[in-house]
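S.K.: So the sequences go chain by chain: A and B.
Each residue of the first sequence is one higher than the one before, counting from 69 in the numbering used here.
Each residue of the second sequence is one higher than the one before, counting from 26 in the numbering used here.
Glycine is no exception: its CB is placed at the ideal position from the N, C-alpha and C atoms.
Sending over a structure as structure tokens; questions will come in a sec.
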Amino acid sequence: NAGVMQNPRHLVRRRGQEARLRCSPMKGHSHVYWYRQLPEEGLKFMVYLQKENIIDESGMPKERFSAEFPKEGPSILRIQQVVRGDSAAYFCASSRTDTLTLAKNIQYFGAGTRLSVL
Amino acid sequence: QQPVQSPQAVILREGEDAVINCSSSKALYSVHWYRQKHGEAPVFLMILLKGGEQKGHEKISASFNEKKQQSSLYLTASQLSYSGTYFCGTFTGNQFYFGTGTSLTVIP
Chain A
69 NAGVMQNPRH LVRRRGQEAR LRCSPMKGHS HVYWYRQLPE EGLKFMVYLQ
119 KENIIDESGM PKERFSAEFP KEGPSILRIQ QVVRGDSAAY FCASSRTDTL
169 TLAKNIQYFG AGTRLSVL
Chain B
26 QQPVQSPQAV ILREGEDAVI NCSSSKALYS VHWYRQKHGE APVFLMILLK
76 GGEQKGHEKI SASFNEKKQQ SSLYLTASQL SYSGTYFCGT FTGNQFYFGT
126 GTSLTVIP
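Structure (structure tokens):
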């Protein structure tokens, strides 16, 4: 059973370009979470999605950032007009949907995408 | 809303024990523990769902004091492979908050 797959592992962009980060959840998982981790810091929640729905995006900057999780295909985190401050590791996690309460959801993480903005 | 962990960093010799604490200013309905090695993804260790619950796997165990809004992770007879940063975490609404992290280094 394949784990959470993220690609690309490393992404280099120049200021002003767009970055697209992909995340394929584990088989049987329909909840996806995105986190950002700055160097030597902890992980910060960005957005929580279920298939075709954004459940909570309150941790995501309102401008330039967007996320989607279509019915078919991977979840996409999109950053438009990147700036140097966007340089970070972006992690995706997925969880199952058979729990009655969110508090019980165990998240499994992908290896992350390291974004570098020149 | 981010749980606070203590200590921030600890260095152990192989075979020594350590305790990592996690405190929240908000009510805790569950506590999740993860370990992250440098440059890698966080790896799930365990989840505690009830006050008073204790769990363990080999030489790593945890407790959850719901009333005090605290959890502790216990590492006994540490091994070199235990090195990494340990995070507690909890859901508040739909958001998951990781703790401030504890860097653990085990030396021979």
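Measure from the alpha carbon of Lys119 (chain A) to the alpha carbon of each residue in A:Glu86, A:Ala135, A:Gly84, then state which is nearest.
M.R.: Nearest option by C-alpha distance: A:Ala135.
S.K.: Return the residue from the list A:Gln74, A:Ile122, A:Ser126, A:Arg77 that minimises the CA-CA distance to His99 (chain A).
M.R.: Ranking A:Gln74, A:Ile122, A:Ser126, A:Arg77 by Cα distance to His99 (chain A) puts A:Ile122 first.
S.K.: Mind checking Gln175 (chain A): buried by the 16 CB within 10 Å criterion, or exposed?
M.R.: By the 10 Å Cβ count, Gln175 (chain A) comes out buried.
S.K.: Grab me the residues of Ala43 (chain B)'s own chain with a C-beta within less than 7 Å of its C-beta, minus the 5 sequence neighbours each way, in chain order.
M.R.: The residues are Val35, Leu37, Leu100, Ser103, Leu129.
S.K.: Any idea what DSSP makes of Gly153 (chain A), helix, strand or coil?
M.R.: Note: Gly153 (chain A) maps to helix in three-state DSSP.
S.K.: Using a Cβ-Cβ cut-off of 6 Å (strictly less than) and excluding sequence neighbours within five positions of Thr125 (chain B), which residues of its own chain qualify?
M.R.: Excluding sequence neighbours, Thr125 (chain B) sits near Val29, Gln30.
S.K.: Using a Cβ-Cβ cut-off of less than 7 Å, give me the residues of the stretch 27–56 of chain B that come near chain A, in sequence order.
M.R.: Correct list: Tyr54, Ser55.
S.K.: Would you say Pro67 (chain B) lies against chain A (beta-carbon separation less than 7 Å)?
M.R.: It does: the Cβ of Pro67 (chain B) has a partner Cβ on chain A nearer than 7 Å.
S.K.: Which residues mark the beginning and the end of the beta strand (DSSP E) in which Gly114 (chain B) is found?
M.R.: Its beta strand (DSSP E) spans residues 109–117.
S.K.: Reducing DSSP to helix, strand and coil, say where Lys189 (chain A) ends up.
M.R.: This structure does not reach residue 189 (chain A), given that chain A is present from 69 up to 186, and the question cannot be answered.
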